[in-house]
Structures are given as structure tokens and as C-alpha cells.
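Data block below; observations after.
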Amino acid sequence: MRYVVPDVVIEEIEGEFIILVNDITVPRLGIKLALRDIISSENPKSPYSDQKLADLLKARNMEISRRTVAKYRDELGISATSVRKRY
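Residues 15 to 101 in this note's numbering are what the sequence shown spells out, letter by letter.
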């Protein structure tokens, strides 16, 4: 099964979905590591929203949706923006 969005292809291989950005494979683990890296360097007084995180990942050629960012953030055990915010 294969889904195509401009410049992004999501393909199922052996029951596992992979993301191809401009025909370059972006493993899920690589995306999660980049997500953790971005969140660890954010300003605790104004943490990034899931949409902003998706935009920052897109700048790194890792285009995923806001919902996928939220899913991966939860899988990493990282709280939502409102919980991460420090005053």
C-alpha cells in the first residue's frame, strides 16, 4: 500500500509504514530523536506547540503531521505544551 502527498510518500513495507520525503527514507526513530532534540533545546517559558514542532521538523526535511508529532511526543513520554511550560 502506498499513499502519495506532494513530495511525501508513505509506504507500507512488511507491515511497517515508512515515510519517504523526496524519495529519501526517514525512519521513525530518526524523527523521534530529532523531536527529542528540538524539545530539549526549547525555551521552558514558551515551549513549542505540536504544530511548531511539525514545522521545525519540516525544516529538517522530516515532514510529518501535527497529529503524528503528538503521537511520537506521547510515545517518548514528553508532556504537552501546557504541562512543559515553566513560569
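Ideal Cβ positions, reconstructed from N, Cα and C, are used throughout, including at glycine. Predicted model only: the values in this text are computed from it and were never measured.
{"query": "E89 by DSSP, collapsed to three states: which one?", "result": "helix"}
{"query": "Using only the alpha-carbon positions, how far apart do N13 and T95 sit?", "result": "The chain is shown only over 15 to 101; residue 13 falls outside these bounds and no answer can be derived."}
{"query": "Could you tell me the alpha carbon to alpha carbon distance between Q65 and L71, rounded to whole angstroms?", "result": "10 Å"}
{"query": "Output the distance between the C-alpha atoms of S60 and V83, rounded to the nearest integer angstrom.", "result": "18 Å"}
{"query": "For L67 and R80, what's the separation of their Cα atoms in angstroms?", "result": "8 Å"}
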